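Note sheet for the following structure.
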Amino acid sequence: MDVKIGVLALQGNVSEHIDAFVLALDNLGCGSSSDVVTVRHPADLEGCHALALPGGESTTISRLIDKNHLYEPIRNFSGGIFATCAGMVLIATHVDDARINTLNLIDITVDRNAFGRQRESFETDLPIDSLDGGPFHAIFIRAPVVTHAGPGVTVLSRLDQGIVAVEQGKHMALSFHPELGGDTRLHERFLKKNGI
Amino acid sequence: MKLEELRFGTELLKRGFASMQKGGVIMDVVNAEQAKIAEEAGAVAVMSLERVPSDIRKMGGVARMADPEKVIEIIEAVSIPVMGKVRIGHFVEAQVLEVLGVDMIDESEVLTPADEQYHIDKKLFKVPFVCGARDLGEALRRINEGAAMIRTKGEAGTGNVVEAVRHMRNIMGEIRMLKGMDKQEMTDYARDIEAPAELVIECAERGRLPVVNFSAGGIATPSDAAMMMQLGADGVFVGSGIFKSTNPELMAKAIVEAVNHFNEPEVIARVSRGLGDAMPGLDIHTLREDEVLQTRGR
Numbered sequence: 001m002d003v004k005i006g007v008l009a010l011q012g013n014v015s016e017h018i019d020a021f022v023l024a025l026d027n028l029g030c031g032s033s034s035d036v037v038t039v040r041h042p043a044d045l046e047g048c049h050a051l052a053l054p055g056g057e058s059t060t061i062s063r064l065i066d067k068n069h070l071y072e073p074i075r076n077f078s079g080g081i082f083a084t085c086a087g088m089v090l091i092a093t094h095v096d097d098a099r100i101n102t103l104n105l106i107d108i109t110v111d112r113n114a115f116g117r118q119r120e121s122f123e124t125d126l127p128i129d130s131l132d133g134g135p136f137h138a139i140f141i142r143a144p145v146v147t148h149a150g151p152g153v154t155v156l157s158r159l160d161q162g163i164v165a166v167e168q169g170k171h172m173a174l175s176f177h178p179e180l181g182g183d184t185r186l187h188e189r190f191l192k193k194n195g196i
Numbered sequence: 197m198k199l200e201e202l203r204f205g206t207e208l209l210k211r212g213f214a215s216m217q218k219g220g221v222i223m224d225v226v227n228a229e230q231a232k233i234a235e236e237a238g239a240v241a242v243m244s245l246e247r248v249p250s251d252i253r254k255m256g257g258v259a260r261m262a263d264p265e266k267v268i269e270i271i272e273a274v275s276i277p278v279m280g281k282v283r284i285g286h287f288v289e290a291q292v293l294e295v296l297g298v299d300m301i302d303e304s305e306v307l308t309p310a311d312e313q314y315h316i317d318k319k320l321f322k323v324p325f326v327c328g329a330r331d332l333g334e335a336l337r338r339i340n341e342g343a344a345m346i347r348t349k350g351e352a353g354t355g356n357v358v359e360a361v362r363h364m365r366n367i368m369g370e371i372r373m374l375k376g377m378d379k380q381e382m383t384d385y386a387r388d389i390e391a392p393a394e395l396v397i398e399c400a401e402r403g404r405l406p407v408v409n410f411s412a413g414g415i416a417t418p419s420d421a422a423m424m425m426q427l428g429a430d431g432v433f434v435g436s437g438i439f440k441s442t443n444p445e446l447m448a449k450a451i452v453e454a455v456n457h458f459n460e461p462e463v464i465a466r467v468s469r470g471l472g473d474a475m476p477g478l479d480i481h482t483l484r485e486d487e488v489l490q491t492r493g494r
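So the sequence lines, in the order shown, correspond to chains W and P.
If you're matching positions, the first sequence starts at 1 in this note's numbering and goes up one per residue.
If you're matching positions, the second sequence starts at 197 in this note's numbering and goes up one per residue.
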């Protein structure tokens with residue numbers, strides 16, 4: 001099967017996600033029959049099996065999604081969505097900031113910058129439900145948390161401040177940055193859930 | 197979760213924060229109202245300061261860190277990251293900005309240097325730093341001191357992009373040149389440019405700086421910003437260019453769109469229409485030696 005993964009490339013940590021997906025696809029044995037592409041316009045989504053919403057500034061990315069006419073195409077995207085940090089804010093149903101036009105794809109309420117400012121950003125070894133190979137070294141940068149998850153949402157991990165990893169259907173959302181640590185287990189788990 | 201299991205202020209967190217700014221526009225603001233305009237226009241962060249560089253030029257005298265009152269006012273006005281400038285080598289101004297909660301510190305030649313020998317030892321801080329550079333050697337010296345982001349110095353407050361172009365071409369050109377060298381030649385080159393050899397080798401391997409590389413210093417129009425992106429910048433800082441133009445809201449939005457679509461001239465053409473006047477510009481050749489900011493700190 002030829003696999004095509006899209007990475008939303010409007011602003012933020014795009015190239016790191018591309019590298020992580022290339023590595024994850026290699027590890028799953030479909031490196032040679034797969035492609036990871038940037039998504040900037042609605043036409044770029046054609047043929048994509050899954051999409052990543054990377055970290056960056058959620059207010060900026062939300063604005064650019066609207067400007068580039070990507071809101072409806074992403075909302076109606078048939079594949080799974082891998083949403084990290086700002087991506088988690090965008091994919092939610094509710095967020096504590098009216099300027100962000102959320103995609104309502106995972107039934108969660110998200111609090112932005114829940115840990116504080118950059119000086120409160122941290123790294124930690126995070127236990128994640130049913131992830132083989134031990135805790136995941138997670139990088140939290142001005143990270144959001146989930147303060148409420150609907151009944152259809154599976155909580156994968158939480159800290160004192162709130163939930164930091166969830167799955168719903170084909171989608172996955174993380175408060176932290178799995179693309180920064182060199183560990184592709186979560187990228188691989190997401191790909192497998194999407195039949196890749 | 198126990199507190200000792202969390203690690204703060206690591207190199208990865210600092211560089212990671214800088215990486216989140218990629219593809220974005222960071223705008224100079226002097227009060228809460230301007231900060232809100234910048235955020236509304238799609239800025240990824242704001243740089244809080246007392247005066248924009250073109251006014252610092254006019255004022256003369258010693259330019260220092262902004263009043264903490266002003267920094268707090270800006271921090272409270274927006275949800276995007278807030279950066280702040282300190283004088284080159286002034287580690288106590290940096291300590292103060294860190295305590296105030298600034299997300300990134302710019303050790304900036306736009307302010308009057310406090311130390312003509314040493315830059316700040318940036319590894320001692322939990323917050324990340326951005327520093328200006330004119331060439332690869334300068335960039336790598338700053339990274340070696342702990343800078344998590346590099347920006348071209350350009351010539352701030354002139355509305356003239358020529359120096360930013362020169363500095364970006366220097367850095368990108370030197371990295372391209374490394375590709376043809378063997379390890380011994382690189383070590384020799386590192387000595388010539390007064391940079392650590394291991395960082396020179398890392399640049400050659402990656403084909404880029406080991407940290408995010410923005411452009412700053414003279415960007416005044418959407419075309420200027422897109423040009424810097426096409427030359428290889430990861431994002432841009434716009435200083436006086438927004439709030440010294442006749443229509444800051446429109447200019448801010450247009451520059452954000454131009455950076456987002458830097459390879460699409462039809463978009464740049466559309467957003468550049470009817471913006472009013474850009475900031476007044478200065479010919480670099482008319483500056484006296486003591487008016488040139490980019491030679492501060494090396």
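Glycine included, C-beta positions come from ideal geometry on N, C-alpha and C.
These numbers come from a predicted model, not from an experiment.
Three-state secondary structure (DSSP) of P/GLY328 = In this structure, P/GLY328 counts as strand in the three-state DSSP scheme.
message = How far does the alpha helix (DSSP H) with P/PHE213 in it extend, from its first residue to its last?
response = Counting along the chain, P/PHE213 sits inside the alpha helix (DSSP H) bounded by residues 207-216.
query = When Cβ atoms are compared, which residues of the segment 36-64 of chain W fall closer than 7 Å to chain P?
reply = Those would be GLY55, GLY56, GLU57, THR59, THR60, ARG63 and LEU64, in chain order.
ask   = Which of the three DSSP states, helix, strand or coil, is assigned to P/MET377?
value = Look at P/MET377 here: in three-state DSSP terms it is coil, with no helix or strand label.
query = So who's on the other strand from W/GLU123, going by DSSP bridges?
reply = Note: W/GLU123 sits in a beta bridge opposite W/ILE139 and P/ARG203.
request  = Could you name each continuous beta strand (DSSP E) segment of 3 residues or more that falls completely within the segment 366-452 of chain P, going from the start of the chain to the end?
outcome  = Correct list: 408-410 and 432-434.
query = Out of P/ARG484, P/ALA429 and P/MET279, which has the shortest C-alpha to C-alpha gap to P/ASN459?
reply = Looking at the Cα atoms, P/ALA429 is the closest of the given residues.
request  = Hey, could you find the ends of the beta strand (DSSP E) W/ALA225 is sitting in?
outcome  = Residue 225 of chain W falls outside the range modelled here, since chain W spans only 1 to 196, and no answer is possible.
request  = Determine whether the Cβ of P/SER244 lies closer than 7 Å to any Cβ atom of chain W.
outcome  = Interface with chain W (7 Å Cβ-Cβ cutoff): P/SER244 is excluded.
task = Could you check the C-alpha separation between P/VAL367 and P/ARG211 for me, to the nearest Å?
result = Note that residue 367 of chain P is Ile in the sequence shown here, rather than Val. Near 19 Å, if we compare the C-alpha coordinates of P/ARG211 and P/ILE367.
message = Quick test of your reading: W/ILE91 and W/LEU53, contact by CB under 8 Å. State the CB separation rounded to the nearest angstrom.
response = With a Cβ gap of about 6 Å, W/ILE91 and W/LEU53 count as contacting.
query = In this structure, does DSSP put P/ASP251 in helix, strand or coil?
reply = In the three-state reduction of the DSSP assignment, P/ASP251 falls in the helix class, which pools H, G and I.
ask   = Shortest alpha-carbon distance to P/GLY477 belongs to which of P/GLN217, P/ARG253, P/GLU207 and P/LYS218?
value = Ranking the options by Cα distance to P/GLY477, first place goes to P/ARG253.
request  = Note down, in chain order, each residue of its chain lying with its Cβ closer than 7 Å to the Cβ of P/GLU334, except the 5 sequence neighbours on either side.
outcome  = Its chain contains ARG494 as the residues whose beta carbon lies nearer than 7 Å to that of P/GLU334, once the 5 sequence neighbours on both sides are disregarded; these appear in chain order.
key: Contact set between W/VAL3 and chain P, taken where Cβ atoms lie within less than 9 Å   = Within 9 Å Cβ-Cβ: nothing; W/VAL3 doesn't reach chain P, min ~25 Å.
ask   = If you scan the segment 283-314 of chain P from start to end, which runs of the alpha helix (DSSP H) of 4 or more residues do you find wholly inside it?
value = Fully enclosed alpha helix (DSSP H) runs of 4 or longer: 287-296.
task = Confirm, please, whether the CB-CB distance from W/LEU126 to W/PHE136 is below 7 Å.
result = In this structure, W/LEU126 lies closer than 7 Å to W/PHE136 by Cβ.
message = If you reduce the DSSP assignment to three classes, tell me which class P/THR491 lands in.
response = P/THR491 falls in the coil class under three-state DSSP.
query = For a contact meaning CB atoms closer than 7 Å, what does P/THR206 contact in chain W?
reply = For the C-beta of P/THR206, the chain W residues within less than 7 Å are, from N- to C-terminus, GLU123.
query = Does the Cβ-Cβ distance between W/ILE61 and W/LEU10 come in under 7 Å?
reply = Yes. Within cutoff.
key: Residue span of the alpha helix (DSSP H) that contains W/ASP35, given as start and end   = Not the alpha helix (DSSP H): W/ASP35 falls in the beta strand (DSSP E), residues 34-39.
message = Helix, strand or coil for P/ALA344? Go by DSSP, reduced to three states.
response = In the structure shown, P/ALA344 sits in coil (DSSP, three-state: anything other than H, G, I, E or B).
message = Which complete beta strand (DSSP E) runs does the segment 139-172 of chain W hold, if anything under 3 residues is left out?
response = Secondary structure remark: continuous beta strand (DSSP E) runs of at least 3 residues inside the segment 139-172 of chain W, in chain order: 145-149, 154-159 and 162-168.
ask   = Interface residues of chain W around P/ASP224 at Cβ under 9 Å?
value = Neighbours of P/ASP224 on chain W: none; closest Cβ ~17 Å, over 9 Å.
ask   = Quick one: any contact between the segment 162-182 of chain W and the segment 4-22 of chain W, if contact means 3 or more CB pairs under 8 Å?
value = Yes, since at least three Cβ pairs between the segment 162-182 of chain W and the segment 4-22 of chain W fall closer than 8 Å, the two stretches touch.
task = Taking W/THR84 as part of the beta strand (DSSP E), name the residues at either end of that continuous run.
result = Per DSSP, W/THR84 is one residue of the beta strand (DSSP E) stretching across 80-84.
request  = Check each residue of the segment 158-172 of chain W: if its Cβ is closer than 8 Å to any Cβ of chain P, include it; give the result in chain order.
outcome  = Against chain P - using a Cβ distance shorter than 8 Å - the residues of the segment 158-172 of chain W are LEU159 and ASP160.
key: Extent of the continuous beta strand (DSSP E) to which W/LEU8 belongs   = Following the DSSP letters along the chain, one finds W/LEU8 inside the beta strand (DSSP E) bounded by residues 3-8.
task = Under the assumption that P/ALA228 contacts P/ILE270 (Cβ atoms under 8 Å), give the Cβ distance between them as a whole number of angstroms.
result = About 6 Å separates the two Cβ atoms, so the contact holds.
Beta-carbon proximity of P/PHE321 to W/GLN118, cut-off 7 Å = No. Outside cutoff.
ask   = Which residues in the same chain as P/GLU235 place their Cβ atom closer than 6 Å to its Cβ, once the five residues preceding and following it in sequence are excluded?
value = Excluding positions up to five away in sequence, the list reads VAL274 and ILE276.
query = What did DSSP end up calling W/LEU200 once you bin it into helix, strand or coil?
reply = Absent from the model: residue 200 of chain W. The displayed extent of chain W is 1 to 196, so no value can be given.
Limits of the alpha helix (DSSP H) - the one that P/ALA465 falls within = Looking at the DSSP string, the run of the alpha helix (DSSP H) that includes P/ALA465 is 461-468.
message = Please report the distance separating the alpha-carbon of P/ALA360 from that of P/GLU246.
response = Those two C-alpha atoms are separated by around 23 Å.
query = Of the choices W/LEU103, W/ALA98, W/MET88 and W/PHE140, whose alpha-carbon is the least far from that of W/GLU72?
reply = Of the candidates W/LEU103, W/ALA98, W/MET88 and W/PHE140, W/LEU103 places its Cα closest to the Cα of W/GLU72.
query = Quick one: what's W/SER15 bridged to in DSSP?
reply = Paired residues: none, contrary to the question.
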